[in-house]
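Working notes, structure below.
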Amino acid sequence: MKVAGDKYSTIAKDAKEYSSGYEVFLNRTNFREIVLNSFKSKLLDNMGTHIQSYPLRILDIGCGNGLMTERFLSAIRGVLPNTPLKIDLVEPASIALDNAKALILKAGIQVQAFNQTAEDFTSDLNQNEKFYDLIIASYVFYHINPDITGVLTSHLSELGSMVITMGSYEHPLRKHPVLRALSNHGDSNKLEDAFRKWKLEEDFLITNNILKTDLNLNALLVQGQGLVPDGEKFFSFIYNKDYNTFNIEQKEALFQTVSEAISNDSGIVYPLHNLFWISRPRL
299 MKVAGDKYST IAKDAKEYSS GYEVFLNRTN FREIVLNSFK SKLLDNMGTH
349 IQSYPLRILD IGCGNGLMTE RFLSAIRGVL PNTPLKIDLV EPASIALDNA
399 KALILKAGIQ VQAFNQTAED FTSDLNQNEK FYDLIIASYV FYHINPDITG
449 VLTSHLSELG SMVITMGSYE HPLRKHPVLR ALSNHGDSNK LEDAFRKWKL
499 EEDFLITNNI LKTDLNLNAL LVQGQGLVPD GEKFFSFIYN KDYNTFNIEQ
549 KEALFQTVSE AISNDSGIVY PLHNLFWISR PRL
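Counting from 1, position 177 in the sequence shown corresponds to residue 475 in my numbering; the numbering is continuous, with no gaps.
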């Protein structure tokens, strides 16, 4: 995990720089639509025909500013329109958390916010008997310890499920070994190692939907000049490291990767994403 003073840290008070890069990224990809469609399908398969607790108890680990949380909640309402929702939000960046809480309250959903790291929250959770019907962990296991999956799954209700979204290890922007070493973005291997460590498959059904998405790299790099401002934000977010701190080798690897994508693939790359669904076996 990045230290709190890092410009692109997700645990900074406002996470402003990280959020800025994320916004540039969102405008260049269809991953949200692809992921949410898969999520809704899994909801129908796993929860749509089952009587749930009232209200449906939800936990979002690492909710950020709540924009993705809001989309997940909208999908849930589409599948379970008559079920009231109650959600706990966990986010170490306090300003982002405040924004998320306000956004969810505006949607008329009961909210409790926890300004903690995921590790601290799960440590506290492990001391009580609180259970959830749905736990969401959307693209957070790049930044937090995947071992907390052992605690989180133990706090699923009898019919509860946990959904985890992550990029694939074989991300096209991480194929160069110098770039792969920069961050854990796109690396789901550590998460799957945690599943094996905690032997989750003995008590839970685990499925993984592999989803193909589009990502547009055009106009982020000007040949002979370097990255444009949005390019600096975009790649700082992708690698979770301020582009201005890249060394010469790292910048050369980045320029090579982007230039090849523009030459060979018209600037469009196709990252794979994982949607892990963890649920208790149905009797």
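For glycine and all other residues, C-beta sits at the position ideal for the given N, C-alpha and C.
Asked                                                                                                 : Found
Limits of the alpha helix (DSSP H) - the one that Tyr537 falls within                                 : 527-537
C-alpha gap between Met299 and Pro390, whole angstroms                                                : Since pLDDT at Met299 reaches only 37, below the 50 mark, its modelled position is unreliable, and no value is offered.
Segment limits, alpha helix (DSSP H) that includes Arg582                                             : Residue 582 lies beyond the range of the chain shown here (299 to 581); nothing can be said about it.
Cross-strand partners of Phe412 (DSSP beta bridge)                                                    : Val388
For Ser317 and Asn363, believed in contact at Cβ under 8 angstroms, the rounded distance              : 6 angstroms
Cβ contact (3+ pairs, closer than 8 angstroms) linking the region 495-504 and the region 542-554      : no
Counted within 10 angstroms of its Cβ, other Cβ atoms place Tyr430 as buried (16 or more) or exposed  : buried
Burial state of Ala302, where buried means 16 or more other Cβ atoms lie within 10 Å                  : Low confidence applies here, because Ala302 scores a pLDDT of 37, under 50, leaving its location unreliable and the question unanswered by this model.
Cβ separation of Ile446 and Ala398, assumed to be a contact under 8 angstroms, to the nearest whole Å : No, Ile446 and Ala398 are not in contact; Cβ-Cβ is about 20 angstroms, not under 8 angstroms.
Bridge partner(s) assigned by DSSP for Met460                                                         : Ile433, Ile576
Euclidean distance between Cα positions of Lys531 and Leu365                                          : 19 angstroms
Whole-angstrom distance between Phe337 and Leu432, CA atom to CA atom                                 : 12 angstroms
Check whether Gly458 and Arg369 have beta carbons under 8 angstroms apart                             : no
First and last residue of the uninterrupted alpha helix (DSSP H) at Asn562                            : 546-563
Assumed close pair Lys488, Tyr306 - CB separation to whole angstroms, cut-off 8 angstroms             : Wrong, their Cβ atoms sit about 20 angstroms apart, outside the cutoff.
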